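Residue numbers (the working numbering): 2 to 30. Even glycine gets a Cβ: it sits at the ideal position worked out from N, Cα and C. A quick note: this is a predicted structure, and the numbers were derived from the prediction, not measured.
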């Protein structure tokens with residue numbers, strides 16, 4: 002079973018992501 006961690010905002014969630022998302026990917030989104 003996987004563990005789920007609840008965070009208060011998307012910014013905090015992305016800081017916990019194991020790899021950095023390339024800027025161009027974020028710009029396209």
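Straight-line CA distance for residue 24 to residue 12? 15 Å
Is residue 16 helix, strand or coil by DSSP? helix
How far does the alpha helix (DSSP H) with residue 26 in it reach, from first residue to last? 24 to 29
Which residues in the same chain as residue 8 place their Cβ atom closer than 8 Å to its Cβ, once the five residues preceding and following it in sequence are excluded? 14 and 17
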